[in-house]
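Single-structure report; data block below.
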Amino acid sequence: MQPKPYIEQWIRADIRNLTAYHVPNATGLIKLDAMENPHTWPDTMRQEWATLIQQVHVNRYPDPSATRLKSTLRTQMGIPSTADILLGNGSDELIQILALAVGSNTSVILAVEPSFVMYRMLADWARVRYIGIPLNPIDFSLDLATVLAAIAEYKPAVIFLAYPNNPTGNLFDADAIREIIRTTAGLVVIDEAYAPFTDATFLNEVLQYANVLVLRTLSKMGLAGLRLGYLVGHADWIIELDKVRMPYNINVLTQETAVFALQHKNLLDNQTHNICAERERLQHSLATLPGVLAYPSQANFILLRVAYATKIMQQLKDAGILIKCLHGSHPLLDNCLRITVGTAAENAILLTALTDIIHRLQL
Ligand SMILES: *Cc1c(COP(=O)(O)O)cnc(C)c1O
Numbered sequence: 019m020q021p022k023p024y025i026e027q028w029i030r031a032d033i034r035n036l037t038a039y040h041v042p043n044a045t046g047l048i049k050l051d052a053m054e055n056p057h058t059w060p061d062t063m064r065q066e067w068a069t070l071i072q073q074v075h076v077n078r079y080p081d082p083s084a085t086r087l088k089s090t091l092r093t094q095m096g097i098p099s100t101a102d103i104l105l106g107n108g109s110d111e112l113i114q115i116l117a118l119a120v121g122s123n124t125s126v127i128l129a130v131e132p133s134f135v136m137y138r139m140l141a142d143w144a145r146v147r148y149i150g151i152p153l154n155p156i157d158f159s160l161d162l163a164t165v166l167a168a169i170a171e172y173k174p175a176v177i178f179l180a181y182p183n184n185p186t187g188n189l190f191d192a193d194a195i196r197e198i199i200r201t202t203a204g205l206v207v208i209d210e211a212y213a214p215f216t217d218a219t220f221l222n223e224v225l226q227y228a229n230v231l232v233l234r235t236l237s238k239m240g241l242a243g244l245r246l247g248y249l250v251g252h253a254d255w256i257i258e259l260d261k262v263r264m265p266y267n268i269n270v271l272t273q274e275t276a277v278f279a280l281q282h283k284n285l286l287d288n289q290t291h292n293i294c295a296e297r298e299r300l301q302h303s304l305a306t307l308p309g310v311l312a313y314p315s316q317a318n319f320i321l322l323r324v325a326y327a328t329k330i331m332q333q334l335k336d337a338g339i340l341i342k343c344l345h346g347s348h349p350l351l352d353n354c355l356r357i358t359v360g361t362a363a364e365n366a367i368l369l370t371a372l373t374d375i376i377h378r379l380q381l
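Each position in the sequence shown, counted from 1, maps to that position plus 18 in this note's numbering.
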């Protein structure tokens, strides 16, 4: 007995044609592929945390509205007191909630490209039409005229803008974003996953518009394993979106740990400041390598364009370092690599290996 005929009958054809999101095995490698914070917690803090976790009642459902976590987020992340918050199991889940809530056979989700791949994936799963508008090929800035023309043509329900953008690392022009907000009849979601690495934010403006939400995550600031994202905006938006949220989507361990970690936000801030300083050092060193174009970054990673991206990625892997090869993922990313900023020691190992590989490839 084979399930195949059943699958062909019942699994949607568009789902059958998808390839699952691939996460490479990083065992034993220096992991510079996924924008994680490489720093850990001091032992005293881990002990304190372990004591706290011992008291958690895993036999009970979590607080469905995560009240204490939300109020901690509000004070520690500077969320305007009049804005409402929706929590997600990672910001990925919040993108999915948005796609589900607007999903219909006429709605469109629009994003610029290259950007975060989950916008398209989650639109596809929810069967919402997805439109990707290319960025300027030279510097990955917003092509405002083309975006405005696409807004007029497709009348998107939601526009996703990552600020700073992944995988390019740059911030889009804030006034261009404001013009998009004023022009579209739809919702604009500003995805600030990399907020810990830049001063730029729309958080203070979110309530000035009727059609803006700011999406954030704790992942890139050092808590990727917890899976906690948050969406900030007018209560009226949050009330509607909350209706398609799983009742207990934020588990007890995440709620307790996130509150604890946010009470130690100084430590996380020190770590992200260190990452920013390392980013600048790495940026300068990479720029001296022959045949390497290192794009400026306001995030915790650097996009590179090289001569032989696939080869370099593979040879770095052979040398024990995992980075992300973006070659083939989008026409504007030909021969591009994305390197997450690691610890000073990891970055030094990376630079030595990369310098060596590039010299050998040039011979
Ligand atoms: C990493 C990333 C996210 C996803 O974050 P999670 O909260 O870990 O799901 C969202 N948006 C962008 C632009 C990202 O790079």
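Note that the Cβ used here is the ideal one computed from N, Cα and C, for glycine as well.
Sorted by chain position, which residues of the same chain lie with C-beta nearer than 6 angstroms to residue i's C-beta, five sequence neighbours on each side aside?
i	result
residue 342	51 and 356
residue 158	186 and 188
residue 162	194
residue 67	278
residue 351	132 and 344
residue 64	none
residue 249	104, 112, 231 and 233
Residue i lies in the beta strand (DSSP E); which residues open and close that run?
i	result
residue 364	That residue, residue 364, is in no beta strand (DSSP E); its alpha helix (DSSP H) goes 362 to 380.
residue 29	Taken as a continuous stretch (DSSP letters only), residue 29 belongs to no beta strand (DSSP E), as it is neither H nor E.
Determine which residues share a DSSP beta bridge with residue i and list them.
i	result
residue 187	BP columns for residue 187 are empty, so no partner.
residue 176	127 and 205
residue 248	105 and 234
residue 312	322
residue 266	Answer is none; residue 266 lacks a bridge partner.
residue 404	Absent from the structure is residue 404, since the part of the chain shown begins at 19 and ends at 381.
residue 344	The partner list for residue 344 (beta bridge, DSSP) is empty, contrary to what the question assumes.
residue 383	The structure shown has nothing for residue 383, since the chain only spans 19 to 381.
Residue i CB to nearest chain D CB: under 8 angstroms?
i	result
residue 57	The chain inventory of the structure shown lacks chain D, comprising one protein chain alone.
What are the start and end residues of the alpha helix (DSSP H) that includes residue i?
i	result
residue 90	85 to 95
residue 147	Looking at the DSSP string, residue 147 is not in any alpha helix (DSSP H); the run it does join, the beta strand (DSSP E), is 147 to 152.
residue 62	61 to 72
residue 287	283 to 305
residue 253	253 to 259
residue 140	136 to 143
For my contact list, residue i and residue j are in at a C-beta cut-off of 8 angstroms; report their separation, rounded to the angstrom.
i	j	result
residue 379	residue 329	7 angstroms
residue 126	residue 149	6 angstroms
residue 199	residue 230	6 angstroms
residue 218	residue 192	7 angstroms
residue 55	residue 240	4 angstroms
residue 155	residue 340	Not confirmed; about 28 angstroms, so no contact.
residue 177	residue 206	5 angstroms
residue 251	residue 101	6 angstroms
residue 94	residue 280	4 angstroms
residue 315	residue 321	7 angstroms
residue 375	residue 334	7 angstroms
Less than 7 angstroms between C-beta atoms, sequence neighbours within five positions excluded: which residues of the same chain meet that for residue i?
i	result
residue 323	311, 353 and 354
residue 296	359, 362 and 365
residue 84	105, 268 and 273
residue 170	none
residue 113	136, 137 and 140
residue 348	131 and 132
residue 260	104
residue 214	238, 239 and 290
residue 172	126, 128 and 149
residue 160	130, 153, 190, 191 and 194
Does the beta-carbon of residue i have 16 or more other beta-carbons within 10 angstroms, so that it is buried, or is it exposed?
i	result
residue 263	buried
residue 20	exposed
residue 211	buried
residue 179	buried
residue 222	exposed
residue 318	buried
residue 182	buried
residue 111	buried
residue 76	exposed
residue 300	buried
residue 80	buried
residue 289	buried
residue 115	buried
residue 22	exposed
residue 275	buried
residue 184	buried
residue 117	buried
residue 90	buried
For residue i, which residues of its own chain have a beta-carbon under 8 angstroms away from its beta-carbon, when the five flanking residues on both sides are left out?
i	result
residue 108	235, 237, 245, 246 and 247
residue 86	273 and 277
residue 326	353 and 379
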